[in-house]
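One structure is given here, and the rest of the page talks about it.
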Ligand SMILES: NC(=O)c1ccc[n+]([C@@H]2O[C@H](COP(=O)([O-])OP(=O)(O)OC[C@H]3O[C@@H](n4cnc5c(N)ncnc54)[C@H](OP(=O)(O)O)[C@@H]3O)[C@@H](O)[C@H]2O)c1
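This is the structure we're talking about:
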């Protein structure tokens, strides 16, 4: 397993180990992955795509309470300020949480992306963002994508961000990006679940020291409603995953998350349901055998359920990312002591970005 360091909180689990608690609650201990010189990332994080702004504070608050220490949001999700509100209200130390967000393609370009950082920083209430990545390839704008990445390099050099990367980049795009820029992306966040495990991309990542971060790690894109097609097959209903889950007395989601953890990936499951939020972090009490891992690997179809990463971006996808409301900017924790402000929920459009 990559990243054998243990961190976070834990409970007495079938695997044993220490048992610190979070505000009266206890959770399993999750391994961490080395992301950059500076950032250790818990292997299981918490995603908020399609979490409505008015649900986000409660959901992220619950996630932090039960022990998640990595939150993944994006400018395009329209809920960065609510993630920031939850972080500010939390009793968790700012230094203990890895906050990741993404620049949307309408903000690509060097100066535009520097400004996108300022927008995200103000909405999140953070003067430093832990992980900032480019959300999409934007194939028809790729020169602007490269300029955007150069801005991420600048932000990294200036200490405004601690790690940088990309999302939805196939191998050929990574190669072009790496040829044109200096810092190898610390991570690539891609669609990755048992029906689309992208072995060649993962091998390229390993070769270049890029962390593989799985979006839809429990296959949400194969079953949740949306514009992704009616002919999808839900990986959550897969018989092989169901059998493995029954063997260990866990859920299919836990089997998939355990598969990610044992294979050294970062996974960022989304849930707004407190039981499922907790369940998705509770994946250290059992171990998948080599045969079980191979059975899950064998489910790969080679086909994505989400959109083609190489698709062109037109005006419809290039919707503007709103400026922060100035009165709502405020800091969280010791890295920014400005007072927190609370106000109306963000009205930003929430668009499917996958
Ligand atoms: N970079 C990108 O382009 C991109 C694209 C998509 C996603 N992402 C990121 O990846 C995160 C996760 O991906 P995702 O949201 O697409 O899919 P996911 O986490 O694989 O699945 C989420 C879906 O599964 C349900 N669910 C959660 N836990 C469950 C459990 N234990 N048992 C059964 N159902 C469960 C959720 O419903 P409930 O909420 O009702 O539990 C939701 O419908 C996102 O939130 C976002 O941060 C990034």
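Residue numbers (the working numbering): 467 to 820. Note that CB positions come from ideal geometry on N, CA and C, so glycine has one too. Keep in mind it's a predicted model, so treat the numbers as computed, not measured.
| request: Please find out if some non-hydrogen atom of ligand 1 comes closer than 7 Å to the beta-carbon of residue 710. | output: Position 244 of the chain shown, counted from the start, is the residue given in the question as residue 710. Checking every heavy atom of ligand 1 against the Cβ of residue 710, none is found closer than 7 Å.
| Taking the alpha-carbon positions, what's the residue 646 to residue 613 distance? | Position 180 of the chain shown, counted from the first residue, corresponds to residue 646. Position 147 of the chain shown, counted from the first residue, corresponds to residue 613. Taking the straight line from one Cα to the other gives about 10 Å.
| message | Quick check: is any heavy atom of ligand 1 less than 7 Å from the C-beta of residue 731? | response | As a position in the chain shown, residue 731 is number 265, starting the count at 1. Because no heavy atom of ligand 1 lies under 7 Å away, the Cβ of residue 731 does not count as near it: no.
| query | Where are the alpha helix (DSSP H) runs, 4 residues long or more, that stay fully inside the region 590–675, in chain order? | reply | Fully enclosed alpha helix (DSSP H) runs of 4 or longer: 608–623, 637–646 and 665–674.
| Where residue 821 falls, given that 16 or more other Cβ within 10 Å makes a residue buried | It is not possible to answer for residue 821, since the shown part of the chain is limited to 467 through 820.
| said: Give me the residue from 592, 746 and 685 with the minimum Cα distance to residue 567. | reply: As a position in the chain shown, residue 567 is number 101, starting the count at 1. Of the residues 592, 746 and 685, the one whose Cα lies closest to the Cα of residue 567 is 592.
| Hey, residue 783 and residue 571: beta-carbon distance below 8 Å or not? | The residue you call residue 783 lines up with position 317 of the chain shown. The residue you call residue 571 lines up with position 105 of the chain shown. Yes, Cβ-Cβ distance for residue 783 and residue 571 is below 8 Å.
| request: Find out if the Cβ-Cβ distance for the pair residue 537, residue 743 is shorter than 8 Å. | output: Here residue 537 refers to the residue found at position 71 when the chain shown is read from its first residue. Here residue 743 refers to the residue found at position 277 when the chain shown is read from its first residue. Taking 8 Å as the Cβ cut-off, residue 537 and residue 743 do not qualify as a contacting pair.
| field | Whole-Å CB distance - residue 775 paired with residue 608, under 8 Å assumed | value | Sequence index remark: in the chain shown, residue 775 carries index 309 (1-based). Sequence index remark: in the chain shown, residue 608 carries index 142 (1-based). Rounded, the Cβ-Cβ distance is 12 Å, inconsistent with contact.
| Given that a residue counts as buried once 16 or more other Cβ atoms are within 10 Å of its Cβ, and exposed if not, what is residue 546? | Mapped onto the chain shown, residue 546 falls at position 80. With 16 or more other Cβ atoms within 10 Å, it is buried.
| query | Based on Cα-Cα distance, which residue from 674, 703 and 602 lies nearest to residue 649? | reply | Residue mapping note: residue 649 aligns to position 183 of the chain shown, counting from 1. Minimum Cα distance to residue 649 is reached at 674.
| said: At a threshold of 7 Å, does residue 821 count as lining ligand 1 (C-beta to nearest heavy atom)? | reply: Examination of residue 821 is not possible in this model, given that the chain is present from 467 through 820 alone.
| task | Leaving out five residues on either side along the sequence, give the residues of the same chain with a beta carbon under 7 Å from the beta carbon of residue 686. | result | By one-based count along the chain shown, residue 686 stands at place 220. Non-local beta-carbon contacts of residue 686 in its own chain, meaning distances under 7 Å to residues more than five positions away in sequence, involve 736 in chain order.
| Length of the line joining the Cα atoms of residue 768 and residue 791 | In the chain shown, counting from the first residue as 1, residue 768 sits at position 302. In the chain shown, counting from the first residue as 1, residue 791 sits at position 325. Their Cα atoms are separated by approximately 43 Å.
| Run through DSSP, which three-state label would residue 512 get? | Start at 1 with the first residue of the chain shown, and residue 512 comes out as number 46. Looking at residue 512 - three-state DSSP - the assignment turns out to be strand.
| Rounded to a whole number of angstroms, what is the C-alpha to C-alpha distance between residue 731 and residue 577? | Position 265 of the chain shown, counting from 1, holds the residue named residue 731. Position 111 of the chain shown, counting from 1, holds the residue named residue 577. Cα to Cα, the separation comes out at about 32 Å.
| request: Answer yes or no: the CB of residue 717 versus the heavy atoms of ligand 1, is any distance below 7 Å? | output: Along the chain shown, read from residue 1 onward, the residue named residue 717 stands at position 251. Indeed, a heavy atom of ligand 1 lies less than 7 Å from the Cβ.
| query | Within the chosen definition, does the region 704–722 reach the region 625–639 through at least 3 CB pairs nearer than 8 Å? | reply | Not touching, per the Cβ criterion.
| In the DSSP assignment, what are the bridge partners of residue 577? | Position 111 of the chain shown, counting from 1, holds the residue named residue 577. For residue 577, which the question treats as bridged, DSSP gives no partner whatsoever.
| field | ligand 1 heavy atom lying under 7 Å from the CB of residue 698 | value | Stepping through the chain shown from its first residue, residue 698 is reached at position 232. Residue side-chain check: residue 698 keeps its Cβ at 7 Å or more from all non-hydrogen atoms of ligand 1.
| said: When you measure from the CB of residue 601 to every non-hydrogen atom of ligand 1, does any distance come out below 7 Å? | reply: By one-based count along the chain shown, residue 601 stands at place 135. Residue 601: yes, Cβ under 7 Å from ligand 1.
| Contacting residues, own chain, Cβ-Cβ under 8 Å from residue 711 (five flanking each side not counted) | Position 245 of the chain shown, counted from the first residue, corresponds to residue 711. Within its own chain, the residues whose Cβ lies closer than 8 Å to the Cβ of residue 711, once the five positions on either side in sequence are excluded, are 717, 718, 720 and 721, listed in chain order.
| request: Compute every distance between the C-beta of residue 686 and the non-hydrogen atoms of ligand 1, then say whether any falls below 7 Å. | output: Mapped onto the chain shown, residue 686 falls at position 220. For residue 686, the distance from the CB to the nearest heavy atom of ligand 1 is below 7 Å.
| message | Our contact map puts residue 631 next to residue 652 with C-beta atoms below 8 Å; I'd like the distance itself, whole angstroms only. | response | Position 165 of the chain shown, counted from the first residue, corresponds to residue 631. Position 186 of the chain shown, counted from the first residue, corresponds to residue 652. Right, their Cβ atoms sit about 5 Å apart.
| query | Are the Cβ atoms of residue 683 and residue 766 separated by less than 8 Å? | reply | Stepping through the chain shown from its first residue, residue 683 is reached at position 217. Stepping through the chain shown from its first residue, residue 766 is reached at position 300. No, they are not a contact pair.
| field | For residue 568, the three-state DSSP class (helix, strand or coil) | value | What you label residue 568 is simply residue 102 of the chain shown in a count that begins at 1. The answer is strand: DSSP assigns residue 568 an E or B state.
| task | Would you mind sorting residue 741 into buried or exposed? The rule is 16 or more other CB atoms within 10 Å of its CB. | result | Residue numbering aside, residue 741 sits at position 275 when the chain shown is read from its first letter. By the 10 Å Cβ count, residue 741 comes out exposed.
| query | Excluding the five sequence neighbours on either side, which residues of its own chain have a C-beta within less than 8 Å of the C-beta of residue 643, listed in chain order? | reply | For this step, residue 643 is matched to residue 177 along the chain shown. Hits under 8 Å: 611, 612, 615, 632, 635 and 651.
| request: Could you check what DSSP says for residue 784 in three-state terms: helix, strand or coil? | output: If you number the chain shown from 1, residue 784 lands on position 318. Coil, per DSSP.
| field | Close Cβ partners of residue 752 (< 7 Å) along its chain, the five nearest in sequence each way excluded | value | Translated into positions along the chain shown, residue 752 becomes position 286. Only 480, 714, 716 and 724 meet the Cβ criterion.
| message | Quick check on the burial criterion: 16 or more other C-beta atoms within 10 angstroms. Buried or exposed for residue 519? | response | Your numbering for residue 519 matches position 53 in the chain shown. Around the beta carbon of residue 519, 16 or more other beta carbons lie within 10 angstroms, which makes this residue buried.
| query | residue 498 by DSSP, collapsed to three states: which one? | reply | Here residue 498 is taken as the residue at index 32 of the chain shown, counted from 1. If DSSP states are grouped into helix, strand and coil, residue 498 belongs with the strands.
| query | Would you call residue 487 buried or exposed, if buried means 16 or more other Cβ atoms sit within 10 Å of its Cβ? | reply | On the chain shown, position 21 is the one that residue 487 refers to. No answer about residue 487 holds up, because its pLDDT of 36 lies below 50 and its placement is not dependable.
| Going along the chain, which residues of its own chain have a beta-carbon closer than 6 Å to the beta-carbon of residue 689, five neighbours each way excluded? | As a working mapping, residue 689 is identified with position 223 in the chain shown. Within the same chain, residue 689 has close Cβ partners 700 and 702.
| said: Closest to residue 658 by C-alpha separation, out of 770, 728 and 513, would be which residue? | reply: As a working note, residue 658 is residue 192 in the chain shown. With distances taken between CA atoms, residue 658 lies nearest to 770 out of 770, 728 and 513.
| task | Take residue 505 and list the residues in its own chain whose beta-carbon comes closer than 8 Å to its own, dropping the five residues that flank it on each side. | result | Start at 1 with the first residue of the chain shown, and residue 505 comes out as number 39. Cβ neighbours of residue 505 beyond the five flanking positions: 564, 596, 597, 628, 629 and 652.
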